[in-house]
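> Pasting a structure here, questions to come.
Protein chains in written order, with the numbering used here: chain U, 11 to 412; chain X, 8 to 183.
Here's what the structure looks like:
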């Protein structure tokens, strides 16, 4: 009897005879991040089995893509990961450029880095705020959205839209930055930088937050690779892979000359380029806390990249280039390219048949693969930990269901 | 993965498995026969030098020109192509595998073509194969749980086939 303590509620649970029960969570549930339905088989408070049901947002964007030209499909990529639509635009634009062997101008390249990294910050802010919401704290969400609002304002000035931008396009960008934009962006970064320490106080090092996330939903690196996980979910498990550094040359060349360190724990420590709070002793590599922490580090990393991009962009002379024509013909052949989006590696596959309309388009969703591991993570966890685990994967249903 | 040396290794390990290659393409690809797909995939993951431990994507491409006028001009015979994009997190190289299947098994419209499931090699293939089955109508033999994933269970037809007809209504909801 001495081994039974209050520290591990599962030990007590198993001692009590309970009936199995099927609990339906979603599709309309605040902590499922969209229309995700989870069916839990529970034994008391313990989840013995979990099955995700997806497809509530399915629009078959791939079929739509077979009826539109490459540039016309860009607004549909906006609606995949609608929290990081700039990065979706970029992924699609790059794969079309890869098949057409088109290179964008130097100025467009730096502007793309600037925009994509701002998009990453705004996506991670939602991820962070919504994760706090999942765990029952409301204020980080409001702070995160306050900052994200400023990024959306900046984006609105570039292209007129706040969420579905279609700004990055095949062959460049639809427009150059308006005058005075860079100053506003720099002012935002200066104001935003000290705020991150507040987030760390509010969430990262918060005792309750650590209790809810540390050693919960531990994902081993082998399993993460086996299930095709990517992005912060993969790096949270200690796998050192970031396509901005390791990807194909057409994508990595965009970041040529940029200095950044991949946010991953190596030899027991995270990159030392900034001052970060220490990893709590309870946290295990691959748990919810580490996935969250990697996102927080990437916010700082992206801020650095945005600053570097501002310098390079303003040093560039000339124009951002001309976007390709709407009815530009796509050559015969196929090309596949994955880019490092905030949620993970988003891949686009394009088959051309010589006409302006692609023969086949395919979107490989990072959240789709990241979600497919959730039943493994939730096996044997408490019901209250399910939102903590699902939230830590930072999924977006528009991208999973496409 | 570039270079013919790699190709020779596959051919040495599995004689007759390589049905075609295109090494000059933007993404060089290797076509393997449907019968040898599973052992080749297992070998690629476990024994080859590069260790392709990650399956990125499975795509089915339906090669059928529904427009009879355009169909007279095309050079290929109608078929379905399954494309596997592999990636090695160890050596950071990618590989494209292709498998050619008939559009219908034994040319009987309605009977789905089948290929071996690779869900036992990479577990991510479980969901990806379900998606390909759901949208393109390919049977994956040996898959642990092959059912629709994105469309409703009672959906009819396979939307990503080129001859797919959009249903006029679904449970009283007008579709057109």
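Each residue gets a CB set at the ideal place from its N, CA and C atoms; glycine is no exception.
Which residues in chain U sit within 8 Å of residue 148 of chain X, going by Cβ to Cβ distance?
Start at 1 with the first residue of the second chain, and residue 148 of chain X comes out as number 141. Those within 8 Å of residue 148 of chain X in chain U number zero; the least Cβ separation is about 21 Å.
> Our contact map puts residue 125 of chain X next to residue 41 of chain X with C-beta atoms below 8 Å; I'd like the distance itself, whole angstroms only.
As a position in the second chain, residue 125 of chain X is number 118, starting the count at 1. As a position in the second chain, residue 41 of chain X is number 34, starting the count at 1. Actually they are not in contact, since the Cβ atoms of residue 125 of chain X and residue 41 of chain X sit about 12 Å apart, beyond 8 Å.
> How would you label residue 245 of chain U, buried or exposed, when you count the other beta carbons within 10 angstroms and need 16 or more for buried?
Here residue 245 of chain U corresponds to residue number 235 of the first chain, with the count starting at 1. Buried, by the Cβ-count rule.
> I'd like to know whether the C-beta of residue 131 of chain X is nearer than 8 Å to at least one C-beta of chain U.
On the second chain, position 124 is the one that residue 131 of chain X refers to. It does: the Cβ of residue 131 of chain X has a partner Cβ on chain U nearer than 8 Å.
> Please list the segments of the alpha helix (DSSP H) lying wholly inside the segment 152–226 of chain U, counting only runs of 4 or more residues, in order along the chain.
With a minimum length of 4 residues, the continuous alpha helix (DSSP H) runs that stay inside the segment 152–226 of chain U are 191–209 and 217–223.
> In the segment 50–76 of chain X, which residues sit with their C-beta less than 7 Å from some C-beta in chain U, listed in chain order?
For the segment 50–76 of chain X, which is checked against every Cβ of chain U, the residues closer than 7 Å are 60, 61, 62, 63, 64, 66 and 68.
> Quick one: what does DSSP say residue 11 of chain U is sitting in, helix, strand or coil?
Position 1 of the first chain, counting from 1, holds the residue named residue 11 of chain U. Its pLDDT being 40, under 50, residue 11 of chain U is placed unreliably in this model, and the value from its coordinates should be taken loosely. Reduced to three states, the DSSP call for residue 11 of chain U is coil.
> If the cut is a Cβ gap below 8 Å, which residues of chain X does residue 249 of chain U touch?
Stepping through the first chain from its first residue, residue 249 of chain U is reached at position 239. Residues of chain X passing the Cβ test: 96.
> Assign residue 20 of chain X to one of three DSSP states: helix, strand, or coil.
For this step, residue 20 of chain X is matched to residue 13 along the second chain. Residue 20 of chain X: helix per DSSP, three-state reduction.
> Excluding the 5 residues flanking residue 308 of chain U on each side, which residues of the same chain have their C-beta closer than 8 Å to its C-beta?
Sequence index remark: in the first chain, residue 308 of chain U carries index 298 (1-based). Hits under 8 Å: 130, 134, 242, 273 and 352.
> Can you confirm whether residue 183 of chain X, when its beta carbon is compared against all beta carbons of chain U, has any partner nearer than 8 Å?
Position 176 of the second chain, counted from the start, is the residue given in the question as residue 183 of chain X. No - not a single Cβ of chain U is within 8 Å of the one on residue 183 of chain X.
> Any idea if residue 34 of chain U is buried or exposed, counting beta-carbon neighbours within 10 angstroms, 16 or more meaning buried?
The sequence position of residue 34 of chain U within the first chain is 24, counting from 1. By the neighbour-count rule (16 or more Cβ atoms within 10 Å), residue 34 of chain U is not buried but exposed.
> From residue 76 of chain X to residue 338 of chain U, what distance separates their C-alpha atoms?
Position 69 of the second chain, counted from the start, is the residue given in the question as residue 76 of chain X. Position 328 of the first chain, counted from the start, is the residue given in the question as residue 338 of chain U. Whole-angstrom Cα-Cα distance: 23 Å.
> Going by DSSP, name the residue or residues bridged to residue 67 of chain U.
Your numbering for residue 67 of chain U matches position 57 in the first chain. None; residue 67 of chain U has no bridge partner.
> Are the C-beta of residue 111 of chain X and some C-beta of chain U separated by less than 8 Å?
Translated into positions along the second chain, residue 111 of chain X becomes position 104. Not closer than 8 Å to any Cβ of chain U, the Cβ of residue 111 of chain X fails to qualify, so no.
> For the alpha helix (DSSP H) containing residue 2 of chain X, list its first residue and its last residue.
With chain X covering 8 to 183 only, the question about residue 2 of chain X has no answer from this structure.
> List the residues of chain U that residue 32 of chain X touches, going by C-beta distances under 8 Å, in chain order.
If you number the second chain from 1, residue 32 of chain X lands on position 25. What residue 32 of chain X touches in chain U: 343 and 344.
> Candidates U/279, U/185 and U/145: which alpha carbon is nearest residue 223 of chain U's?
As a working mapping, residue 223 of chain U is identified with position 213 in the first chain. Per the Cα distances, U/145.
> Please check if any C-beta of chain X sits within less than 8 Å of the C-beta of residue 65 of chain U.
Locating residue 65 of chain U in the first chain gives position 55, counting from the first residue. With 8 Å as the cut-off, residue 65 of chain U counts as an interface residue toward chain X.
> Which one or two residues does DSSP pair with residue 29 of chain U in a beta bridge?
Locating residue 29 of chain U in the first chain gives position 19, where the first residue counts as 1. Answer is none; residue 29 of chain U lacks a bridge partner.
> Measuring CA to CA, which of U/36, U/56 and U/229 is closest to residue 49 of chain U?
The count along the first chain starts at 1 and reaches residue 49 of chain U at position 39. Of the listed residues, the one whose Cα sits closest to residue 49 of chain U is U/36.
> Report back the beta-carbon spacing between residue 179 of chain U and residue 95 of chain U to the nearest angstrom; my notes put them in contact at under 8 Å.
Taking the first chain and counting its residues from 1, the one referred to as residue 179 of chain U is at position 169. Taking the first chain and counting its residues from 1, the one referred to as residue 95 of chain U is at position 85. Contact doesn't hold; Cβ gap of about 12 Å is too wide.
> Buried or exposed: residue 178 of chain X, going by 16 or more other Cβ atoms within 10 Å of its Cβ?
The residue you call residue 178 of chain X lines up with position 171 of the second chain. Its Cβ having fewer than 16 others within 10 Å, residue 178 of chain X is exposed.
> Looking at the secondary structure, which residues open and close the alpha helix (DSSP H) in which residue 256 of chain U lies?
Mapped onto the first chain, residue 256 of chain U falls at position 246. It spans 253–256 - the alpha helix (DSSP H) in which residue 256 of chain U sits, taken as one unbroken run.
> Indicate whether residue 230 of chain U and residue 131 of chain X have their beta-carbon atoms separated by less than 8 Å.
Here residue 230 of chain U refers to the residue found at position 220 of the first chain. Here residue 131 of chain X refers to the residue found at position 124 of the second chain. For residue 230 of chain U and residue 131 of chain X, no; Cβs fall outside 8 Å.
> Beta-carbon of residue 11 of chain U versus every beta-carbon of chain X: anything under 8 Å?
If you number the first chain from 1, residue 11 of chain U lands on position 1. Residue placement at residue 11 of chain U is poorly supported in this model, since its pLDDT is 40, which falls under 50; the coordinates are not used for a value here.
> Closer than 9 Å, Cβ to any Cβ of chain U: which residues of the segment 163–178 of chain X, in chain order?
Within the segment 163–178 of chain X, the residues whose Cβ lies closer than 9 Å to some Cβ of chain U are 166, 167, 169 and 171, listed in chain order.
> Along the chain, which unbroken stretches of the beta strand (DSSP E) at least 3 residues long are found entirely within the segment 58–120 of chain X?
Segments of the beta strand (DSSP E) lying fully in the segment 58–120 of chain X: 61–70, 86–94 and 101–108.
> Is residue 53 of chain U close to chain X? Criterion is C-beta to C-beta, closer than 8 Å.
One-based indexing of the first chain puts residue 53 of chain U at position 43. Chain X, which has no Cβ nearer than 8 Å to the Cβ of residue 53 of chain U, makes this no.
> Is it true that the segment 163–170 of chain X meets the segment 65–85 of chain X, where meeting means three or more beta-carbon pairs spaced less than 8 Å apart?
Result yes; three or more Cβ-Cβ pairs closer than 8 Å.
> Kindly give me the distance between the Cβ atoms of residue 46 of chain X and residue 21 of chain X, rounded to whole angstroms, as I take these residues to be in contact under 8 Å.
On the second chain, residue 46 of chain X is found 39 positions in, with the first residue counted as 1. On the second chain, residue 21 of chain X is found 14 positions in, with the first residue counted as 1. Contact flag correct, Cβ pair sits at about 6 Å.
> In the DSSP assignment, the beta strand (DSSP E) including residue 359 of chain U goes from what residue to what residue?
For this step, residue 359 of chain U is matched to residue 349 along the first chain. Start and end: 354–362.
> Using three-state DSSP, classify residue 104 of chain U as helix, strand or coil.
The residue you call residue 104 of chain U lines up with position 94 of the first chain. Correct three-state label for residue 104 of chain U: helix.
> Tell me whether residue 119 of chain U sits in a helix, a strand or coil according to DSSP, three-state version.
The residue labelled residue 119 of chain U in the question sits at position 109 within the first chain. Helix at residue 119 of chain U.
> Just to check my reading of the structure: residue 199 of chain U and residue 106 of chain U have Cβ atoms closer than 8 Å, yes? What is that Cβ distance to the nearest angstrom?
Counted from its first residue, the first chain places residue 199 of chain U at position 189. Counted from its first residue, the first chain places residue 106 of chain U at position 96. At roughly 31 Å, the Cβ-Cβ gap does not stay under 8 Å, so residue 199 of chain U and residue 106 of chain U are not in contact.
> Using a cut-off of 8 Å between C-beta atoms, extract the partners of residue 270 of chain U located in chain X.
Within the first chain, residue 270 of chain U is the residue found at index 260, counting from 1. The premise fails here: residue 270 of chain U is roughly 17 Å from chain X at the closest Cβ pair, so nothing lies under 8 Å.
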